[in-house]
Amino acid sequence: MIIDPLIFQAKFPEACRPEQCRSRCCRFGVWTDAGEMKVILSNRELFLPYVRPEAIDPSTWFGDTEADRDCPSGIAVETRVVGDACAFFHPGHGCALQKGAIEAGLHEWQFKPRFCVMFPLVLSGGTLTVDEEMKSLWCMKEKNRTHPIVESVRKEVQFLFGNEMAKTLARSPQAR
Ligand code: SF4
């Protein structure tokens, strides 16, 4: 994986603030990995209590697939937009995949698509970079981007890519 030098300069809020942004990043769904989809569907009972009534049928959860070299399986699957948000979004508690994992006593990100966990970082063509496309989100407005991004997402990087990668990102580009 190549690391885009932009990661060492870009800023982000100190942490996600769902009360500020109302989880607008979940409005359009996400591309998840085909392997992640299988795991989510085989654990569907954990999430059913936490999805909106209109997304209670698991056949509504996933849509189109496409080849994607940035996915571990090589296949990306979209989470469908049901109503006005991702099938897994609930205005009362956020992501049903996260809520279901927590309520089951598991790690909060056990079932969450990796692209959701890593936002605003994104893997694009094998390069880890910053997703600058959703400029209208609260967290992506310049005035709210007050902290180095590598500090804000340290926990997420550690979870997804391990300690070594977290340490690499913590060092300045000159020191790597
Ligand atoms: S899977 Fe969860 S975190 Fe990802 S877009 Fe859907 S509701 Fe948001």
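What the sequence shown shows, in this note's numbering, is residues 30 to 205, in sequence order. All C-beta atoms in this analysis are idealised placements derived from N, C-alpha and C, irrespective of residue type, glycine included.
Who are the Cβ neighbours of Ala84 in its own chain at under 6 Å, not counting the five residues just before and after it?
The beta carbon of Ala84 sits closer than 6 Å to those of Val111 and Ala116, all from its chain and outside the five residues before and after it, given in chain order.
With a floor of 3 residues, list each beta strand (DSSP E) that falls wholly inside the segment 86-113, ordered by position along the chain.
DSSP runs (the beta strand (DSSP E)) wholly in the segment 86-113: 91-96 and 104-108.
Note the first and the last residue of the continuous beta strand (DSSP E) segment covering Val80.
In the DSSP assignment, Val80 falls outside any beta strand (DSSP E) and carries neither an H nor an E.
Mind checking whether the beta-carbon of Val59 lies closer than 8 Å to any heavy atom of the ligand SF4?
True, at least one ligand heavy atom lies under 8 Å from that Cβ.
Please state whether DSSP places Gly123 in a helix, a strand or coil.
Of the three classes helix, strand and coil, the one that applies to Gly123 here is strand, per DSSP.
Alpha carbon to alpha carbon, how far is Gly154 from Asp99? Give it in angstroms, no decimals.
Computed Cα separation, rounded: 6 Å.
Could you check what DSSP says for Trp167 in three-state terms: helix, strand or coil?
When secondary structure is reduced to three states using DSSP, Trp167 falls in the helix class.
Rank Met66, His119 and Leu150 by C-alpha distance to the C-alpha of Leu35 and give the top, closest one.
That would be Leu150, whose Cα lies nearest to the Cα of Leu35.
Report yes or no: do the segment 47-65 and the segment 179-199 share at least 3 C-beta pairs separated by less than 8 Å?
Not touching, per the Cβ criterion.
Does the distance between the C-beta of Cys100 and the nearest non-hydrogen atom of the ligand SF4 fall short of 8 Å?
The ligand SF4 has no heavy atom closer than 8 Å to the beta-carbon of Cys100.
Between Gln38 and the rest of its own chain, which residues show a CB-CB distance below 6 Å, the 5 nearest in sequence each way excluded?
Answer for Gln38: no residue qualifies.
Residues near Gln49 in its chain [Cβ-Cβ closer than 6 Å; skip 5 each side]
Excluding positions up to five away in sequence, the list reads Trp167.
Using the beta-carbon count (16 or more within 10 Å), is Pro101 buried or exposed?
Per the 10 Å Cβ criterion, exposed.
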